[in-house]
Amino acid sequence: MQRRKFLKNLGLSSSALTLASGAVLPSFASNSAKAEPTFKMDFAPHFGMFRNSAPGGFVDQLKFMADQGFRSLEDNGMLGRSIEDQTLIAKTMESLDMRMGVFVVDGGDNWKVSLTSGKQEFMDHFLDTCRKSVEVAKRVNAKWMTVVPGYFERNLPIGVQTGNVIEAYKRAAEIFEPHGLVMVMEPLSDNPDLFLRHADQSYMICKAVDSPACKILYDIYHMQRNEGNLIATMQKTWDEIAYIQIGDNPGRKEPGTGEINYGNVFKFIHEKGFTGICGMEHGNANPGVEGERALIEAYRKVDIS
């Protein structure tokens, strides 16, 4: 499933998430007696994941997340939200002492031949989207933003395509680095036309860009599909990994629903001293409130002790 379809299926539209004027919300986070223990690892849900338990909109959902012990949020579609929604989300998260995870730098070229081609039009559009992303990152207190270089350009040698991507990311790093922001490139498994598919490939690009503003987003679901050998691969590329995402395989649901031994994977991540965010970029295995409760319990089982 492509990321944009995944978001459409799982997320709520901005208008659906925004609270109606004067609406009264359940005060989840204000009642400490109901609060669950904070997760030791910094797992980050996304909007829509708890839509049945917290049906009042994104403020309601954020309060519910905080009450369940989650300390962060990720929102891939943040760049496309209104300034009003971005501001309200940021204000609510600040009041709940929550961190902002990734959003996607996407100007519309992520799912076609673009940066690999070396064409100036794609470079210009990408850099313009990066500049817009800086303003959004400041508004929502984000540090990390996901980037993907699009599809293979089949008419160019792989080395030339790689060089084109490196040049684009060098230019983007010049935009992000002065603000202390980090673009995290994500190797994906959605289809074989995608240029960036492996951890070692991402590692090489990071080394070539040579900037603290260019790192790897290691999505465990995608990497299990593309190459497996998760812990050994993470060990080899660890110094360039800045952000992690979660999803079991097959199915792209919560830990425990597929073949990945998330208990061991999280133990490795914790022992490496990782204090960053682990984004929950997956669907719910079961529907309704019961499915949402089961998802939370699945994370309690694999949280480090």
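Note that the sequence shown covers residues -29 to -1, 1 to 276 in mature numbering (1 follows the signal peptide of the UniProt record, and there is no 0). Quick reminder that beta carbons are idealized off the backbone N, C-alpha and C, glycines included. Note that this is a predicted model, so its numbers are computed, not measured.
Cβ neighbours of residue i in the same chain (closer than 7 Å, five flanking residues each side left out)
{"i": "Val(-6)", "result": "Per-residue confidence for Val(-6) stands at a pLDDT of 36, beneath the threshold of 50, marking its modelled position as unreliable; the derived number appears in the next sentence. Contacts found: none."}
{"i": "Val272", "result": "Just to set this straight, residue 272 is Lys in the shown sequence, not Val. Excluding positions up to five away in sequence, the list reads Gly227."}
{"i": "Asp46", "result": "His17, Phe18 and Phe74"}
{"i": "Lys243", "result": "Trp209"}
{"i": "Glu230", "result": "Asn220"}
{"i": "Ile60", "result": "Phe29 and Val111"}
{"i": "Glu124", "result": "Val84, Thr87, Ser88 and Gln132"}
{"i": "Asn7", "result": "Looking at the sequence provided, one finds Glu at residue 7 rather than Asn. Excluding residues within five positions, the ones whose Cβ falls inside 7 Å are Asp38, Gln39 and Gly40."}
{"i": "residue 280", "result": "There is simply no residue 280 to check, as the chain begins at -29 and stops at 276 in what is shown."}
Other residues of its chain near residue i: CB distance less than 8 Å, five sequence neighbours each side excluded
{"i": "Glu198", "result": "His169, Ala170 and Thr204"}
{"i": "Val107", "result": "Met49, Leu50, Gln57, Phe74 and Ala113"}
{"i": "residue 278", "result": "There is simply no residue 278 to check, as the chain begins at -29 and stops at 276 in what is shown."}
{"i": "Leu201", "result": "Ile191, Met194, Gln195, Ile231 and Val236"}
{"i": "Ser(-17)", "result": "Because the pLDDT at Ser(-17) is just 42, under 50, the model does not fix this residue reliably, and the value given afterwards should be weighed accordingly. For Ser(-17), where only same-chain residues beyond five positions count, there are no Cβ hits under 8 Å."}
{"i": "Met12", "result": "Phe237, Ile240, His241, Cys249, Asp274 and Ile275"}
{"i": "Gly72", "result": "Ala15, Ser43, Leu44, Glu45, Asp46, Ala113, Trp115, Tyr214, Ile248 and Gly250"}
Same chain only: Cβ atoms within 6 Å of residue i, ignoring 5 sequence neighbours per side
{"i": "Ser182", "result": "Ala144 and Glu148"}
{"i": "Ile212", "result": "Ile187 and Tyr189"}
{"i": "Ser160", "result": "His193, Arg196 and Asn197"}
{"i": "Tyr140", "result": "Val180 and Cys185"}
{"i": "Tyr77", "result": "The identity of residue 77 in the sequence shown is Asp, whereas the question assumes Tyr. Once the five neighbours on either side are set aside, Asp77 has no close Cβ partner at all."}
{"i": "Tyr233", "result": "Pro226 and Val273"}
{"i": "His241", "result": "Ile275"}
{"i": "Thr9", "result": "Gly40"}
Element boundaries [beta strand (DSSP E), containing residue i]
{"i": "Asp13", "result": "Asp13 to Ala15"}
DSSP beta-bridge partners of residue i
{"i": "Cys185", "result": "Met154"}
{"i": "Met71", "result": "Leu44 and Ala113"}
{"i": "Asp190", "result": "Gln216"}
Where the alpha helix (DSSP H) containing residue i begins and where it ends
{"i": "Gln206", "result": "Leu201 to Thr208"}
{"i": "Lys83", "result": "Premise fails: Lys83 is in no alpha helix (DSSP H) and is neither H nor E."}
{"i": "Phe35", "result": "Phe29 to Asp38"}
Cβ-heavy atom distance, residue i to the ligand MN, below 8 Å
{"i": "Gly259", "result": "Ligands displayed in this structure: none; no statement on the ligand MN is therefore possible."}
Requested in this report: Only counting runs of 4 or more residues, tell me where the alpha helix (DSSP H) segments fall wholly within the segment 215 to 268, in order along the chain.
Outcome: Within the segment 215 to 268, the complete alpha helix (DSSP H) segments of 4 residues or longer fall at 233 to 242, listed in chain order.
Query - alpha helix (DSSP H) runs contained entirely in the segment 111 to 175, provided each spans 4 or more residues - result: Residue ranges of uninterrupted alpha helix (DSSP H) with 4 or more members, entirely inside the segment 111 to 175 and ordered along the chain, are 129 to 147.
Query raised in the report: Would you say the segment 71 to 86 touches the segment 30 to 42, given that touching needs at least three Cβ pairs under 8 Å?
Result: Taking a contact to require three or more Cβ pairs closer than 8 Å, the segment 71 to 86 and the segment 30 to 42 do not qualify as touching.
Query raised in the report: Does the segment 103 to 122 come close enough to the segment 146 to 164 to have 3 or more Cβ pairs within less than 8 Å?
Result: Output reads yes: the segment 146 to 164 touches the segment 103 to 122.
Query raised in the report: Just checking, does the segment 252 to 265 make contact with the segment 20 to 30 on the three C-beta pairs under 8 Å criterion?
Result: Three or more Cβ pairs drawn from the segment 252 to 265 and the segment 20 to 30 lie within less than 8 Å of each other, which places the two stretches in contact.
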